[in-house]
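Presented below is the structure to which this report refers.
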Amino acid sequence: MPGATDRFDSPVGTDRARAPRLQASGTFQRACSCLVLLFSFLLPSCAPQLTPEQRRRDIEYLAMWAGDYHPCVELNESLKGLPGYKALLPRYVELAETARTNEDFLHIAWGYANLIGASGHGYLLDEEMLTGYLIDSLWTGAKGMSNIPWHQFHKASYWAKLYDRSFVHPPFFVDRRGQEYFTGNDWSVWGRRIPKGSQILRVNGMTCAAYRASVQQTTWLRDVAGPVGGIGRHLLVVLEEGSFKGWNMVFGLPDGSERELFVPASKGLPRRHPTAFTDWRKDNCICLELAEDVGYIRVKAMVHFLRQKDEKKIRRFLEASGGAYKKLIIDIRRNGGGSTFYVYDTLIRPFLDEPATYTQVTGVKRKFLLNTEPDYLERLRAGLSIWALETQIEEIEPLEGFDPDDWTFFRITRQVRPADRYRFGGRLFVLMDGGCGSATDTYIDAVKRTGLATLVGQPSAGSMGGYLMATTVRLPESGMIFRMEADLDVNADGSLHEMVGVRPDVVLPDSGLPYRTDKEELLKDPWVQTVLNEP
């Protein structure tokens with residue numbers, strides 16, 4: 001990795017005179033160091049005791065970082081109609097200074113960061129992400145892709161654990177379709193069954209819309225001016241306050257009847273991948289035949305270490321078809337991203353007959369380029385460039401409306417290498433939705449620009465990286481670590497990517513996700529049927 005050096009001696013007190021083989025193996029020592037330090041990271045963290053002044057400095061640091069470096073905060077206000085982060089700074093400072101507990105302060109900082117990071121990447125790093133960044137920092141012997149030293153991750157772990165413990169969720173997955181909510185899986189209690197696909201009609205005597213509004217007015221979410229992400233999407237993922245036990249709910253069953261039940265609450269956030277359709281840990285890539293001339297590939301996440309395995313799986317599947325497929329569906333709905341190497345090695349290069357060349361336009365705040373360490377800037381760039389046969393970057397005039405004193409814009413020309421061609425010569429369709437972000441957004445953007453496939457579904461999340469990968473922001477007093485967008489990307493149609501995402505070629509209404517990835521379930525899916533019926 002550019003700029004990385006091996007700076008570690010073993011922290012476990014190895015007697016070098018008695019262990020010459022360990023001394024000779026730098027890789028082994030790094031592995032031992034990683035294991036020991038990772039173990040210490042996973043131990044419980046002591047609760048920090050922050051003064052009102054320290055809490056104030058953290059909020060003011062977020063505001064300073066946003067004004068100097070974030071590419072979207074002004075656009076969020078002018079184009080998305082969100083409250084201005086500058087106008088709300090005094091209110092968030094007051095809330096931070098008067099916070100009674102660490103939990104209160106976490107919610108306030110999270111709320112302000114959510115407003116700042118409302119477009120593109122913008123979230124508090126959870127324990128899984130922190131662990132990944134820590135391992136990267138330890139293994140490289142430097143600051144890795146986070147630009148944060150390994151010893152600063154322990155404090156961040158405390159806040160990630162506290163955030164997870166703040167919430168409760170129901171014992172079933174909630175599937176949002178437009179403004180309506182349905183159960184995403186079967187659930188039973190005391191012999192009474194709520195089948196998958198049952199509509200949630202009332203919660204604690206209120207409609208779903210009224211309940212959602214009530215939660216935002218009566219809990220700490222009233223202090224969150226920006227979007228609330230998964231909290232709004234899942235409806236019943238709410239802050240645990242007092243002795244909260246659960247919800248009184250009325251369900252509309254698929255047979256037309258209604259059923260009222262008490263639904264108990266489970267502590268913590270719901271699992272990130274709650275269904276067989278979205279859980280990448282249970283077979284990330286699934287290939288099956290929907291008809292004699294239609295193949296289907298489901299990719300749940302762009303998992304770096306699975307890219308070779310999944311590429312071989314897809315290759316075997318298409319080879320076994322004998323080239324009979326006239327249509328091939330690649331389903332990436334709710335695929336939140338991962339590795340750009342997976343994207344290009346598995347889903348783009350093997351579909352190319354010759355190098356594909358396309359251009360992108362990206363803007364970055366000048367202060368970010370000037371004040372960020374050159375080695376770290378190179379690391380943020382490298383993760384988006386290595387797959388290309390040739391990448392040319394030239395500075396261009398800023399777009400209209402962007403002050404050249406504040407912005408630097410680049411035109412990036414990429415030429416992507418072809419790889420050993422998959423045995424497929426038909427039409428390629430990609431199913432996409434608002435859950436497609438990060439590296440998956442990068443894939444969708446490349447497909448759009450190259451014309452590799454027909455995009456079907458709903459606009460993507462709007463969180464790819466064109467020039468730079470998303471960066472990390474560590475609050476100086478509390479040690480919370482957020483991930484934020486670093487550049488502003490321009491779509492092929494001239495729209496701003498972080499504001500609208502990538503628009504599909506064929507727009508479809510939200511119909512929810514399949515629960516499983518099997519032929520019977522998929523043939524009932526309206527989006528799949530749209531492709532099957534395409535002439």
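Residues in the sequence shown are numbered from 1 upward in steps of one, following the working numbering.
Even for Gly, the Cβ is constructed at its ideal location relative to N, Cα and C.
Straight-line gap, residue i to residue j (C-alpha atoms, nearest Å)
i: Lys155; j: Tyr112; result: 20 angstroms
i: Phe429; j: Ala276; result: 22 angstroms
i: Asn371; j: Glu74; result: 20 angstroms
i: Pro149; j: Ile481; result: 12 angstroms
i: Pro504; j: Gln458; result: 6 angstroms
i: Ala160; j: Gly322; result: 49 angstroms
i: Ser266; j: Pro48; result: 27 angstroms
i: Val416; j: Arg349; result: 7 angstroms
i: Ile332; j: Tyr296; result: 11 angstroms
i: Tyr163; j: Val531; result: 41 angstroms
i: Lys326; j: Ile116; result: 45 angstroms
i: Val608; j: Val447; result: The displayed coordinates of the chain run from 1 to 535. Any statement about residue 608 would go beyond what the structure contains.
i: Gln179; j: Ala210; result: 11 angstroms
i: Leu89; j: Gly226; result: 13 angstroms
i: Lys313; j: Glu534; result: 26 angstroms
i: Leu496; j: Arg222; result: 29 angstroms
i: Leu522; j: Ile393; result: 42 angstroms
i: Ala324; j: Thr357; result: 29 angstroms
i: Glu498; j: Cys72; result: 8 angstroms
i: Ala320; j: Leu380; result: 40 angstroms
i: Leu431; j: Arg57; result: 44 angstroms
i: Asp403; j: Asp255; result: 59 angstroms
i: Gly268; j: Tyr85; result: 29 angstroms
i: Leu290; j: Arg427; result: 15 angstroms
i: Asp175; j: Cys436; result: 16 angstroms
8 angstroms CB neighbourhood of residue i in its chain, flanking five on each side removed
i: Lys524; result: Pro514
i: Arg192; result: Arg259, Leu261
i: Gly122; result: Ala113, Asn114, Ile116, Phe482, Arg483, Met484, Glu485
i: Lys143; result: Ser137, Pro149, Tyr376
i: Ala439; result: Met302, Gly337, Gly338, Ser339, Thr340, Tyr342, Val343, Met464
i: Met206; result: Ser214
i: Glu103; result: Leu162, Ser166
Classification of residue i by the beta-carbon crowding that lies within 10 angstroms, buried from 16 upward
i: Asp186; result: exposed
i: Trp190; result: exposed
i: Val507; result: exposed
i: Asn76; result: buried
i: Ile412; result: buried
i: Val294; result: buried
i: Phe244; result: exposed
i: Asn335; result: buried
i: Gly401; result: exposed
i: Glu373; result: exposed
i: Gly462; result: buried
i: Met145; result: buried
i: Pro270; result: buried
i: Thr183; result: buried
i: Asp353; result: exposed
Cβ distance (whole Å) where residue i is taken to contact residue j below 8 angstroms
i: Phe105; j: Arg55; result: 5 angstroms
i: Pro398; j: Phe410; result: The Cβ separation is near 10 angstroms, so there is no contact.
i: Arg202; j: Val168; result: In fact, because the Cβ distance is near 19 angstroms, the residues do not count as touching under 8 angstroms.
i: Met469; j: Gly383; result: 5 angstroms
i: Ile329; j: Val528; result: 7 angstroms
i: Ser478; j: Ala109; result: 7 angstroms
i: Leu369; j: Tyr61; result: Contact flag wrong, Cβ pair sits at about 20 angstroms.
i: Gly434; j: Ser460; result: 7 angstroms
i: Leu288; j: Lys519; result: 6 angstroms
Cβ shell of residue i (< 7 angstroms), same chain only, five flanking positions each side left out
i: Pro52; result: Glu97
i: Leu253; result: Pro195, Ser198, Arg259
i: Val224; result: Gly111, Asn114
i: Thr359; result: Arg411, Ile412, Thr413
i: Thr471; result: Leu380, Met484, Ala486
i: Arg91; result: none
Closer than 7 angstroms to chain C by CB, residue i
i: Pro459; result: The chain labelled as chain C is not found in the depicted structure, where only one protein chain is given.
Cut-off 6 angstroms between Cβ atoms - residues of its own chain near residue i, not counting five sequence neighbours on either side
i: Leu306; result: Asn284
i: Asn248; result: Asn204, Phe262
i: Trp407; result: Gly363, Pro398
i: Pro83; result: Ala225
i: Thr517; result: Phe277, Ile286, Arg298
i: Leu318; result: Tyr422, Arg423, Phe424
i: Pro170; result: Leu236, Val263
i: Val473; result: Trp65, Phe482, Met484
Does the pairing of the region 413 to 424 with the region 362 to 377 give three or more beta-carbon distances under 8 angstroms?
Flag = no, the region 413 to 424 and the region 362 to 377 do not touch.
Is it the case that the region 297 to 308 contacts the region 277 to 288, given that we only count it when at least three CB pairs across the two stretches are under 8 angstroms?
Under the three-pair Cβ rule at 8 angstroms, the region 277 to 288 counts as touching the region 297 to 308.
Counting pairs of beta carbons, one from the region 127 to 134 and one from the region 446 to 455, are three or more of them closer than 8 angstroms?
Output reads no: the region 446 to 455 does not touch the region 127 to 134.
Would you call the region 332 to 345 and the region 427 to 443 touching, i.e. three or more CB-CB distances under 8 angstroms?
Remark: three or more beta-carbon pairs, one from each stretch, lie closer than 8 angstroms, so the region 332 to 345 and the region 427 to 443 are flagged as touching.
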